[in-house]
Ligand code: NCD
Ligand code: ZN
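Numbering (this note's numbering), first residue to last: 5 to 350.
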């Protein structure tokens, strides 16, 4: 039985670090385990320009504990007013690695996102030209589309036409939640990949809705039926280089989540790697963990996987905090519902 596993230092290719008090509280949770993370730009106001990205990166670095070696990789929030030259400049100078497309209204702080994709075509064409990836929140927002169908409808109605129109644009379909998305990525020829979160590998929609409503498991895209969770696990453990980790760890204070209209987002940073080791072990796929957490994503983004390693050690159930405290209030840590036996030694 394997009780120790050494893997290259993981990267998190989809992470929310927020700003101010939350930034200070949550950044160490990622920075001490992960070498890099692609930081989402959905602040309020959003990170829309190269200059915003530089200054946000600076604030993040100030929140990284001195003994953790962590490099934030930044994203720009795509709006209908985004200037292609500014995007190209951010790419050139290295102040942003990718651009994030939020359909307006799809999720937390997406109000400045894209309503009409035609309006951002010049930016997308420029990105295709310079090889800068587009990260997509892949859900339509139409009231008449059922929330459980929004990802599949997005693939049909938006993603397929977009890929036809911009065949050279490199795309990451973020936090996929359906078998439909997994199959779509698998069948795609080139230039597209997908991130998978920790929580979507663990919960299905029953976790949110059966036996009482659990706002702590509410995130977007919302978790789907069990068969979709199983498809996500199969993709994650497959070693296929088009699937990699993006935790979508999305901290909200407990007050913001527990109210009549609670926020979407699950905070997984503190126990993400322990959860993943447990899932991969259960699926008899521990040797595939490193590809998912530490290699595939870096390769897609044209970066070298880390040389440095971390050790995962199996033992008694790991004690991780129930919540992380911030000056804005406590942020609940994801509870997978089973004990975690793998501890990270950095
Ligand atoms: C994210 C957040 O809170 O910023 N929420 C979520 O439910 N995942 C935004 C997002 O990635 O959709
Ligand atoms: Zn997210």
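Just so you know, even glycine gets a beta-carbon here, dropped at the ideal spot from N, CA and C. These figures come from a predicted structure and were not determined experimentally.
Residue of the options minimising C-alpha distance to residue i
{"i": "residue 329", "options": "19, 6, 26", "result": "26"}
{"i": "residue 130", "options": "150, 8, 109, 93", "result": "93"}
{"i": "residue 10", "options": "224, 332, 50, 316", "result": "316"}
{"i": "residue 143", "options": "118, 103, 240", "result": "118"}
{"i": "residue 202", "options": "184, 242, 248", "result": "248"}
{"i": "residue 276", "options": "343, 334, 228, 230", "result": "343"}
{"i": "residue 195", "options": "186, 208, 206, 170", "result": "170"}
{"i": "residue 14", "options": "326, 346, 332, 313", "result": "313"}
{"i": "residue 107", "options": "74, 65, 158, 33", "result": "158"}
{"i": "residue 242", "options": "269, 318, 52, 287", "result": "287"}
{"i": "residue 321", "options": "78, 212, 348, 209", "result": "348"}
{"i": "residue 73", "options": "273, 36, 291, 31", "result": "36"}
{"i": "residue 301", "options": "178, 154, 68", "result": "178"}
{"i": "residue 110", "options": "47, 154, 211, 237", "result": "154"}
{"i": "residue 198", "options": "64, 304, 77, 20", "result": "304"}
Buried or exposed by the 16-neighbour rule on C-beta atoms within 10 Å, applied to residue i
{"i": "residue 5", "result": "exposed"}
{"i": "residue 263", "result": "exposed"}
{"i": "residue 282", "result": "buried"}
{"i": "residue 62", "result": "exposed"}
{"i": "residue 278", "result": "buried"}
{"i": "residue 70", "result": "exposed"}
{"i": "residue 261", "result": "buried"}
{"i": "residue 294", "result": "buried"}
{"i": "residue 66", "result": "exposed"}
Proximity of residue i and residue j at Cβ, strictly below 7 Å
{"i": "residue 57", "j": "residue 80", "result": "yes"}
{"i": "residue 16", "j": "residue 38", "result": "yes"}
{"i": "residue 102", "j": "residue 139", "result": "yes"}
{"i": "residue 182", "j": "residue 156", "result": "yes"}
{"i": "residue 45", "j": "residue 104", "result": "yes"}
{"i": "residue 151", "j": "residue 223", "result": "no"}
{"i": "residue 268", "j": "residue 145", "result": "no"}
{"i": "residue 298", "j": "residue 309", "result": "yes"}
{"i": "residue 32", "j": "residue 206", "result": "no"}
{"i": "residue 235", "j": "residue 204", "result": "no"}
Sequence-distant residues of its chain with Cβ nearer than 6 Å to residue i (five each side left out)
{"i": "residue 116", "result": "50, 83"}
{"i": "residue 8", "result": "317"}
Cut-off 8 Å between Cβ atoms - residues of its own chain near residue i, not counting five sequence neighbours on either side
{"i": "residue 126", "result": "88"}
Spatial neighbours of residue i in its chain, beta-carbon cut-off 7 Å, leaving aside the 5 residues before and after
{"i": "residue 332", "result": "25, 26, 257"}
{"i": "residue 337", "result": "271, 274, 275, 324, 325, 326, 327, 328"}
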